[in-house]
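Line by line, the protein sequences are chains A and B. Everything in the first sequence is counted per the working numbering, starting at 1 for the first residue and increasing by one. Everything in the second sequence is counted per the working numbering, starting at 1 for the first residue and increasing by one. Idealized CB from N, CA, C, for every residue including glycine.
There are 2 protein chains.
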Amino acid sequence: MGQRKSGHVTLHDVAHACGYSVSTVSIVLSEAPLSQNVAASTRARIREVAGQLGYHPDAFARSLRRRRSQTIGVLAYDLSDPFCIPIVQGIQSGLQPANYLPLLMDAQTHRALFDSYLKMVLERRTEGIIVIASWVFEETNLLADIEKNHVPIVILGRDLTGKKIDSLLIDNEAGGALALRHLLELGHRRIAVIRGPEELFDSEPRWAGIRREAANAGLKLEPRLVFQLPGLAGPTSGFEGGRAIAQQMLAAGLPFTAVLAFDDLTALGVVRGLTHAGLRIPDDCSIIGFDDVLPAVVATPGISTIRQPLQEMGLLSAQWALRAIDARHGVASRASAVQLHRACPQLVVRESSARAAQGTSRGRAKRKERA
Amino acid sequence: MGQRKSGHVTLHDVAHACGYSVSTVSIVLSEAPLSQNVAASTRARIREVAGQLGYHPDAFARSLRRRRSQTIGVLAYDLSDPFCIPIVQGIQSGLQPANYLPLLMDAQTHRALFDSYLKMVLERRTEGIIVIASWVFEETNLLADIEKNHVPIVILGRDLTGKKIDSLLIDNEAGGALALRHLLELGHRRIAVIRGPEELFDSEPRWAGIRREAANAGLKLEPRLVFQLPGLAGPTSGFEGGRAIAQQMLAAGLPFTAVLAFDDLTALGVVRGLTHAGLRIPDDCSIIGFDDVLPAVVATPGISTIRQPLQEMGLLSAQWALRAIDARHGVASRASAVQLHRACPQLVVRESSARAAQGTSRGRAKRKERA
DNA sequence: TGCCCATATTCAAACGTTTGAACCGCTTGA
DNA sequence: TCAAGCGGTTCAAACGTTTGAATATGGGCA
């Protein structure tokens, strides 16, 4: 039919087919302000022909000319972590109304991939970048390039306001405290804690919150019941770590009635480890996780956890990015200060936590206090 | 510094800064064949300046000129389904070596979103489209537009070869048979089956495989123990469905020692339902799922399941797409016939399936044969 | 008749690249 | 001495849009 060198239908094709000039066709199809001056009959005719030919405007040419890509880059450190998904969905729903498209990239925890994607994002002229919680992000020297190219960034999952980057994260300290308080309120005093891996930013403040809450309650945490997850590697490393630590816990020979795990996958690992050792959850031991990801919902027993409002956080990050873009184009007030949002964690009680064993009506007789 | 109207550093800026023409700079930085003719000192100088300025080529301008977007669109029906993630990763790793980038979009099961994304994909001139298993895809009239614009499509998760679309899917029939065979080999005869929702393409052949295997083994499936999942809505609808059906199963009053669930989330729902009714898995009842998604791995007991090689399938789909693109550019042999690949399902035995209750050494005494 | 206004349409330049062809100054073999 | 060749660099046109300025057409009004 009317196609030219490239396989695509162009404005030129449509113009040729209906006898008007490229300009007119462009004005009509892009609904430019000028299109009010175009005769209604012409408009109709052009639209009709465009439809017949299956015309879709070329985003490259358009973006090149308009200098807007209508795209923002989303860099996830690992999509296979169920943690990322709700965030991505939130971002998407935040972008949708503004007709922006997320350019989603999964670094799969590979540093090299991360860098190369960051470069691609820059090349594709995304008007903003949202980074989902990445270890090493700040080291990368691409950050300088990003600044040179004036692309606004939002980071989700850690505080980089010190580097003048808008940051959004959960209030880890409050979350840690909330988790411990829940266990305390259920009457637990002998509580094992699994701290997060050292290279993860969340680990420290979460642990601080736990200690604070313990201090408030006059509880002294037994140091031998405090464990530390090894570094992360792969999506199930939290699970494996939790499982291994559960065994260590039992081997330690100290009594405990509850475990506060760093996150949900770790909690699920603990469930596995303790269950295999013959304990029952929550009758013999309560467990609480963190994040509230899908596996925590569908496991049995359902895992009590501290919920991160991931979707809301994603949404907000998208809105921030859009605002920053507007500012760059002079729409909104320019040069507002760098922002920080600490999302509020929320306790979700499911089946993995229950009153401490002694004197409970619900629990069956404890069969083994420990291995 | 040297920036011009757009906030970005352009070839022109670099040329200006180092005193060479735009052409030379382009030739050097894009490593065109001609760059061998450029003096080594010039090359070095240009690279140096480009680096200093933080130059990144504008993908729009480049793609416009080269008529290659180096991008393929990936349309997932719902990213929050853990099923999608390994596929996406597979696609990504298949695209990586060819330096193609996936433009990932999550339709979130919304028909309207799906259409608008499809349109965007077309506008962004992705050179190919991979669709992950979508109910209604074939209905959409955009399909005609896609054809008009000559963009190769691959669909993952159903057979659309009838519409001349390359298709990749699991051998559902073999998978269903495999699942049943596993239960039979463990000595189960009273087996409940949960069929998939009607609108899902996988449901029917999977059920056919089950019936075939049953017939082979001379087993007659009890019709009152065959259930049907209601239509899907949301990521946890499979779980909720399985849970509800587990209760119906018990209420039916018929003995059964195993459940063959449509997928893993359904299986997890069944675990929840039966566990709450006081049964133990697998001692009192074996359960097998389908897919092998993350929650099935980290649940306790781990869910025995039929694994789909999702990552491999994703990888293959990417390779197909790339091949089709090559063909369009005359590199590979043109016009090969439409392709179909049925991936081979694989049994993964975990903890949710065990020998049938009677006469087993492993199982504890069955406490309730049924509710 | 000439002038202005409104309406409907087109011109042409730009966006930032890539690339075939052209150019320039030198050497070199005939 | 000259044509040919070559290394190194630049010209200029194109890719498909958008858009401010320009054009053509036709009244209406003085």
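- P102 (chain A) has A:I72 as its beta-bridge partners, per DSSP.
- Selection A:A112, A:I325 and A:E199 evaluated against I72 (chain A) yields A:I325 as nearest (Cα-Cα).
- With a contact defined as Cβ atoms closer than 8 Å, A133 (chain A) and Y77 (chain A) qualify at about 6 Å.
- Annotation for L265 (chain B): the continuous alpha helix (DSSP H) segment containing it runs D264 to H276.
- For T275 (chain B), the closest Cβ of chain A is nearer than 8 Å.
- Inclusion of L221 (chain A) and T266 (chain A) in the CB contact set at 8 Å is not warranted, their separation being larger than that value.
- A337 (chain A) is not a Cβ neighbour of I130 (chain A), given a cutoff of 8 Å.
- Taking all protein chains in view, the Cβ of L200 (chain A) is crowded by 16 or more other Cβ atoms within 10 Å, so the residue is classified as buried.
- Assigned with DSSP and collapsed to three states, R125 (chain A) falls in coil, not helix or strand.
- Looking from the CA of K163 (chain B), the closest CA among B:L169, B:I153 and B:I170 belongs to B:I153.
- Put simply, the backbone Cα of H341 (chain A) is about 34 Å away from that of G51 (chain B).
- Between V348 (chain A) and H182 (chain A), the alpha-carbon positions lie close to 10 Å from each other.
- Close CB contacts of L279 (chain A) within its chain, under the 6 Å cut and outside five residues either way in sequence, are with C285 (chain order).
- Here the C-alpha atom of E312 (chain A) lies approximately 23 Å from the C-alpha atom of P235 (chain A).
- For secondary structure counted as the beta strand (DSSP E) over 3 or more consecutive residues, the region 147-172 of chain A holds these complete runs in sequence order: 153-156 and 166-170.
- Listed as beta-bridge partners of F83 (chain B) by DSSP are no residues whatsoever.
- Between the alpha carbons of Y100 (chain B) and L316 (chain A) lies a distance of about 30 Å.
- Between the alpha carbons of R206 (chain A) and A107 (chain A) lies a gap of roughly 25 Å.
- Cβ neighbours of Q308 (chain A) within its own chain (closer than 7 Å, five residues either side excluded): I170, D291, D292, A343 and P345.
- Of B:L322, B:M105 and B:P97, the smallest CA-CA separation from L79 (chain B) is found for B:M105.
- Nearest to A357 (chain B) by alpha-carbon distance, out of B:R243, B:A144 and B:T257, is B:T257.
- D58 (chain B) belongs to the set of residues whose beta carbon lies under 8 Å from a beta carbon in chain A.
- Contact check for V193 (chain A) against V226 (chain A) passes: the beta carbons are separated by less than 8 Å.
- Q89 (chain B) reaches chain A at L79, S80, D106 and Q108, counting residues in chain order whose Cβ is nearer than 8 Å.
- Cα atoms of P33 (chain B) and R43 (chain B): separation of roughly 13 Å, rounded to the nearest angstrom.
- Pairing R125 (chain A) with A59 (chain B) gives a Cβ-Cβ distance under 8 Å.
- Comparing alpha carbon positions, the residue from A:L142, A:S69 and A:L168 closest to L310 (chain A) is A:L168.
- Between the alpha carbons of E240 (chain A) and D263 (chain B) lies a gap of roughly 24 Å.
- Excluding sequence positions up to five before and after D145 (chain A), its CB lies within less than 7 Å of the CB of L122, all in the same chain and listed in chain order.
- Contact annotation: in the region 119-131 of chain B, residues whose CB is within less than 8 Å of a CB in chain A are K119, M120, L122, E123, R124 and R125.
- Approximately 11 Å separates the beta-carbon atoms of L186 (chain B) and S352 (chain B); this is outside 8 Å, ruling out the contact.
- For N149 (chain A), the C-beta contacts it makes with chain B under 8 Å involve G7, H8, V9, G54 and H56, in order along the chain.
- Chain order gives the chain B residues near F239 (chain A) as V298, where near means a beta carbon separation below 7 Å.
- Interface annotation, Q247 (chain A): not in contact with chain B, CB-CB separation never under 8 Å.
- When Cβ-Cβ separations below 8 Å define contact, V154 (chain A) makes no contact with chain B.
- Within 10 angstroms of the beta-carbon of S69 (chain B) lie 16 or more other beta-carbons, which makes it buried.
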